[in-house]
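Peer 1: Quick note, the sequence shown lines up with residues 1 to 330 if you use UniProt numbering. Submitted below is the structure of interest, expressed as structure tokens.
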Amino acid sequence: MDPLVAEAATPLLHSTSSDTSSDADENTPAPSYTFDLKQIGFRCDFLSKSPSGYCPYRQLAVLSGHIGSVSCLALCGEFILSASQGKDIIVWQQPDLRVFTRFGHGEGSVKAVVTVGSKVFTAHQDGKIRVWKVSRRSENNFRLVNTLPTAKDYLDGKIKAWGRKKQEQEETHCLLGILEGHKDESMNCVVVSGDGKWVYGGISDGFLMGWEKTGESVSCWKVTWERRAHKMAVLCVCLMGEFLCSGSADKSIGIWRREAFGRLCKVGVINGHDGPIKCLQVAPNGVGEGFLLYSGSLDRSLRVWWVSKASAMGVGALVAEDSKKAIVSY
């Protein structure tokens, strides 16, 4: 057995042994489908080969479960959270990728999902951001605990920085700063570096922009880098250490290496989806000499890729085309 396959087939995140149940607010329990990665052919077929025969990218599997196109992804401990044009979020449990539960019913189409510790932040079509508390000790595993102010001007081409403050013994959120993008172009996505020093945003004109924090205040930012990254709109971005991944309406995924002063150097492209790339997420722990990349698209598929870090050190070294043999659908 390929060592990479053996490692990828193990749990990416340690699961707990406590008892669980589906959301108590649901009228019917969420369906539980168990996927045996060995039985369904969780294997790595070569997408393309370099002259040396080494494959920089491998597509491992495709998950399907949403009625509409996949709009956003997030990792939350042992769970993978995925949402679509529907009103609920599917919680997949690793490593068997079964449907654990669903939450967020009736709150408007889900546009974005972000996890921070034991909290999940979801952005909805109704213009609101909702905060959910994740708990294994409650029957309601994903419980709504807060709602951020409505932002009707979300297509104003700006990134807004929010902070927390104490007000009458309650913790609330307040606007701390605004990062300006291109005039008359919407800001579609944003990601912050682990040290909080850099912010990267994707714009509808195909550009990526980078901001550097210049002072102690969260509102002190300056533009340090920008470049035309894709032929069409940049719809999503994610970070994995020194690498940034960008998804676009042109159906491609760009792989970038972070350099000095927040600059980005493009080192590769992944092609394979049949529709615009709406969301990207990277597993926090590496697999072999690379990392796992999850991508969701308007083609209604959620794909799992293995990306080699070693081959990404050379400019232009990574160009992969999809192989239908590598697709596994349920």
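Here a beta-carbon is modelled for each residue, glycine too, at the ideal position from N, C-alpha and C. Just so it is clear, the structure is predicted and the values come from calculations on it, not from any experiment.
Excluding the five sequence neighbours on either side, which residues of its own chain have a C-beta within less than 7 Å of the C-beta of N213, listed in chain order?
Peer 2: The amino acid occupying residue 213 in the given sequence is Lys; Asn does not appear at that position. Closer than 7 Å at the Cβ level, and outside the excluded window around K213, lie G196, K197, C220, W221.
Peer 1: Ordered along the chain, which non-local residues of its own chain (more than five positions away) have a Cβ less than 6 Å from that of W256?
Peer 2: Same-chain partners within the cutoff: L244, L264, K266.
Peer 1: Once you ignore the five residues that flank K133 on each side, which residues in its own chain have a CB closer than 7 Å to its CB?
Peer 2: Closer than 7 Å at the Cβ level, and outside the excluded window around K133, lie S118, K119, R143, V145.
Peer 1: Name the DSSP bridge partner or partners of Q281?
Peer 2: Residue pairing of Q281 in beta bridges, as defined by DSSP: Y294.
Peer 1: Can you grab the Cα-Cα spacing for the pair A310 / G288, in whole Å?
Peer 2: 10 Å
Peer 1: With C-beta atoms as the reference, is I277 less than 8 Å away from L235?
Peer 2: yes
Peer 1: Quick check: C189 and G206, are their CB atoms within less than 8 Å of each other?
Peer 2: no
Peer 1: Since R130 and T147 should fall inside the 8 Å C-beta cutoff, what is the C-beta to C-beta distance between them, to a whole number of angstroms?
Peer 2: 5 Å
Peer 1: Taking A123 as the reference, give the member of G104, S135, N140, R136 with the closest Cα.
Peer 2: Checked all of G104, S135, N140, R136; the closest Cα to A123 is G104.
Peer 1: With a 10 Å radius around its C-beta and 16 neighbouring C-beta atoms as the bar for buried, classify R228 as buried or exposed.
Peer 2: exposed
Peer 1: How long is the line joining the alpha carbons of I178 and G215, rounded to whole angstroms?
Peer 2: 15 Å
Peer 1: Hey, would you say M232 sits closer than 8 Å to S246, going by beta carbons?
Peer 2: Cβ atoms of M232 and S246: not closer than 8 Å.
Peer 1: Classify F261 as buried or exposed, calling it buried when 16 or more other Cβ atoms lie within 10 Å of its own Cβ.
Peer 2: exposed
Peer 1: I'd like the list of long-range same chain contacts for K251, defined as Cβ closer than 8 Å, with 5 residues on each side in sequence excluded.
Peer 2: N271, H273, D274, G275, P276, I277, S297
Peer 1: Go through its chain and collect everything with a Cβ distance to A283's Cβ below 7 Å, but skip five positions before and after it.
Peer 2: L12, L75, F291, L292
Peer 1: Verify whether the separation of the beta carbon atoms of S71 and A83 is less than 8 Å.
Peer 2: yes
Peer 1: Have a look at E242, I203, V223 and flag the residue whose alpha-carbon is nearest the alpha-carbon of G194.
Peer 2: E242
Peer 1: Report all residues from its chain with a CB closer than 6 Å to the CB of H66; omit the five preceding and five following residues, and keep chain order.
Peer 2: S84
Peer 1: At the level of alpha carbons, what is the spacing between C279 and S301?
Peer 2: 11 Å
Peer 1: Could you tell me how far apart the beta carbons of S295 and W305 are, in whole angstroms, since I believe they sit closer than 8 Å?
Peer 2: 7 Å
Peer 1: Select from S109, A112, I80 the residue whose C-alpha is nearest the C-alpha of V99.
Peer 2: I80
Peer 1: Find the nearest neighbour of M187 within the set L175, M209, G86, judged by alpha-carbon distance.
Peer 2: M209
Peer 1: Counting along the chain, where does the beta strand (DSSP E) carrying L302 start and finish?
Peer 2: 302–308
Peer 1: Please tell me whether W198 has its Cβ less than 8 Å away from any Cβ of chain D.
Peer 2: Although the question refers to chain D, the structure presented lacks it and comprises just one protein chain.
Peer 1: If we count the other Cβ atoms within 10 Å of its Cβ and call it buried at 16 or more, is G308 buried or exposed?
Peer 2: Strictly speaking, residue 308 in this sequence is Ser, with Gly absent from that position. The residue in question, S308, is buried, as its Cβ has 16 or more Cβ neighbours within 10 Å.
Peer 1: Could you check if Q125 is buried or exposed, using at least 16 other CB atoms within 10 Å of its CB as the buried criterion?
Peer 2: exposed
Peer 1: Can you give me the C-alpha to C-alpha distance between L97 and H230, rounded to a whole angstrom?
Peer 2: 32 Å
Peer 1: Pull up the CB-CB distance for E226 and S204, whole angstroms please, since I reckon it's below 8 Å.
Peer 2: Their Cβ separation, rounded to whole angstroms, is 14 Å, which puts E226 and S204 out of contact at 8 Å.
Peer 1: Going straight from the alpha carbon of R58 to that of N140, what length do you get?
Peer 2: For R58 and N140, the distance between alpha carbons rounds to 37 Å.
Peer 1: Can you have a look at R303 and say buried or exposed, based on whether 16 or more other CB atoms are within 10 angstroms of its CB?
Peer 2: buried
Peer 1: Determine the contact status of R102 and V91, defining contact as a CB-CB distance below 8 Å.
Peer 2: yes
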